Each structure stands twice: as C-alpha cells, then as structure tokens.
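Read through the structure below, which is laid out as structure tokens, and then see the notes.
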Amino acid sequence: MDKALRLICDFITVVLLVACVGCVVAFATIGHPSYYNGYYNQDEVTQQLEDKISDGNGQIAEETGIEIGAFDYALSEKIDLDRVKLTITSSIFNGVNTDYSQTENIDEAYREGILEYYRRNGLECDNAVVEKAVTLACENFNKVMGADNMNELSNSVLIVSKHTKAVSIITLALMVFFVSRMFALNLGRTKTFAHIGSVLISGGCCFITTFVMNSIIDFPRRLHITSNEIIMGAISYGTEKYLKLLATVGVILIICGIVAVRFVYNYYVNKHAYQLQEKIINEKIRDDAQKVLTSIENTENGDFGNGNE
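The numbering of the sequence shown is our numbering, which starts it at 345 and goes up by one.
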C-alpha cells in the first residue's frame, strides 16, 4: 500500500513540476506580444507580407483599372510595413479586429500614393475609381495582416498571458505539499532524494520529448489555430522557441535528478561498505575473543590436570 502511495505521489509531483515550469516559462515568453517580434523582425516576413499584399493589389488593379504600379508605389513609399507588422501581435493580445485603415492610416497612404504616382507619370484618374481602389486595397491589407483573426486568437492568447502566473503559483504550492508527503511516506530517509531525482528526470524527459515531437510534427500548424500564414508562422516560431527553452530547462532538471539519484546511490554504497567493514571487524573481534577464551580454558584445564597427578 505504501509503495503504491509513493508511486502515485511521485507521478502527481511530476505532473505538477511540468505544469509549474511550463507556466512560468510561458508567462515570461509566449504570454507577451513583444516575444513574437523576433519573428516579425525578420526581413523574409516583410517580403512575405509585401508579396501577399501585392498579389491582392494585382487583382484589384484588374478590377478597377488602376495601374498596378500605383499600388506598388503606395506600398513601398507611403506605408512603413516594418513598423506596422509589429502591431499584429499587440492587436491579438488586445483581442480586437484591427482596421489598419483607421489605426495606421493605410487608406490615406494608398490614396496619396496612387494620386502621386499618376501625377508623376502625367496620367489622369477618376477620383471615384481611386476611392473604390483604396477601399479594396485596405480590405486586402487587413486580410493579409490578419485583422479578422484577432478575436479568434485572443481567447487562447489571453489565457496564456493572464492565467499562467496564477497557475504556476498554485502548482508550486501543491508541489511543495506533495514533496513533503513524499518525505513523510519515506519516513524522511535519504532515499527520498532518489524519488525527487526520479521526478526531476521524468519532468526533464517530458520537456525534451515535447520539443523533439514539435520539431517533427509542428503542433501549432496541426491545430490549425489560424488560416493566416503570417500569424501562423509567428505562433509556430514562438512555440518552437518556447519549447526549446523548456528543453534546456529539461536538461538542467535531468542533470539535477541524476545528481540526486547518484547521491543516494553513493550514500547507500558507502553505508553498505561501512556496515560490511564493521561486520568483518566484529567477526574478527569475536573470533579473536573466542580463541582467547579457548586458550584460557585449555590452560585452566591443563593446570587442574597437573594438580591431580
């Protein structure tokens, strides 16, 4: 019964350890918008955004008759995409469907860019057509930037950003309780550290296994969190970095666990060697004492025999 209780206690402690460390690391990483900026700062992301926006603008140009060069000019000269793209994750964390035509004046940028392009090239354009093109271009811009995905993603993101701190504190308190129970079940003996070591090793293996599995499967993409490829890339990138950090913590936990188990092993090996040495000494003392007693008995028997003669 006690053995079963110890196994259950160890298992629950492993679960609490994984949850606690996972939440602490999540609170410091994927729970903050700025954490994802490492992905959005990459030049290839800017190029992906430009390409997707340009593809949409090409269809708008065919529909409205506005020169495609006017859209490209507005996008390259009037819109600071490197700055605007960093607002994507903050919009997700705010849980609002951002209209970039209002928050970043994208409509004004397209309008000025198109008119300036026509003016520079000595071309004429219909203001009504320009307004229609600007409206469609803004819709295309919002779609590429994932404006319609904010509410969809905000619930899961807010859970991470708001609740991981509380969960980490609760799991830490429970883990302390179960570790104390572990000491009680083992009567406070040294072998308790072997149980703690096994918990640390198991937790570390969980983190490393999760990281390896994510490298193979890519969990975020499998879950189809969003259909927006740019946002999906940021989530995948953030998750990979998060799990890599957890894997590093896992390696540290495994090392600490091995040290704890090794300490217990050395303790009992040394204890056994000491007990064996003590046993050998006691046996030698007992044998020597027995020899002395036998010698005394023989001597006394010999003296008594001489007296009778």
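Ideal Cβ placement from N, Cα and C applies to all residues, glycine included. Nothing here was measured: the structure is a model prediction, and the numbers come from that model.
- Of the candidates 481, 505, 414, 490, 414 places its Cα closest to the Cα of residue 466.
- In the three-state scheme derived from DSSP, where H, G and I count as helix and E and B as strand, residue 533 is classed as coil.
- Here residue 526 carries a helix assignment [DSSP, helix/strand/coil].
- If you draw a straight line from the Cα of residue 571 to the Cα of residue 564, it is about 11 Å long.
- The beta-carbon separation of residue 560 and residue 601, rounded to 25 Å, does not stay under the 8 Å limit for a contact.
- Per the Cβ contact rule, the segment 434–448 is in contact with the segment 481–490 (3 or more Cβ pairs under 8 Å).
- If you draw a straight line from the Cα of residue 435 to the Cα of residue 441, it comes to about 7 Å.
- The Cβ neighbour count for residue 528, taken over all protein chains shown within 10 Å, is under 16; the residue is labelled exposed.
- Taking the Cα positions, residue 549 is about 6 Å away from residue 594.
- The continuous alpha helix (DSSP H) containing residue 444 extends over residues 444–447.
- Contact between the segment 508–520 and the segment 604–613 is not established, with fewer than three Cβ pairs separated by less than 8 Å.
- Around the beta carbon of residue 613, a 10 Å sphere encloses fewer than 16 other beta carbons of the protein chains shown; the residue is thus reported as exposed.
- According to the DSSP assignment, residue 450 belongs to the alpha helix (DSSP H) that extends over 450–464.
- Shown here for residue 407: not one same chain residue has a beta carbon closer than 6 Å to its own, the five before and five after excluded.
- Inclusion of residue 375 and residue 583 in the CB contact set at 8 Å is not warranted, their separation being larger than that value.
- For residue 386, no alpha helix (DSSP H) run applies, since DSSP gives it neither H nor E.
- Distances from the CA of residue 400 to each of 355, 471, 489 were compared; the closest alpha carbon is that of 489.
- Between residue 480 and residue 404, the beta carbon gap of about 5 Å places them in contact (Cβ cut-off 8 Å).
- Counting the other Cβ atoms within 10 Å of the Cβ of residue 610 gives fewer than 16, which makes it exposed.
- Only residues of its own chain outside the window of five on either side were considered, and among them 450, 453 have a CB closer than 7 Å to the CB of residue 423, listed in chain order.
- For the 8 Å CB-CB criterion, residue 533 and residue 353 do not form a contact.
- A Cβ-Cβ contact shorter than 8 Å links residue 384 with residue 432.
- Residue 457 holds the alpha-carbon nearest to the alpha-carbon of residue 421 among 355, 457, 395.
- Rounded to the nearest whole angstrom, the C-alpha separation of residue 437 and residue 592 is 27 Å.
- Sequence-distant partners of residue 538 (beyond 5 residues in either direction) whose C-beta falls short of 6 Å from its own C-beta, in its chain, are 605, 608.
- Membership of residue 468 in any alpha helix (DSSP H) is not indicated, and neither H nor E is assigned to it by DSSP.
- Each residue's CA atom was taken as its position, placing residue 590 and residue 554 some 9 Å apart.
- For residue 417, the enclosing alpha helix (DSSP H) stretches over residues 412–421.
- If you look at residue 490, you'll find it isn't in any alpha helix (DSSP H); DSSP assigns it neither H nor E.
- Per DSSP, reduced to three states, the secondary structure at residue 400 is helical.
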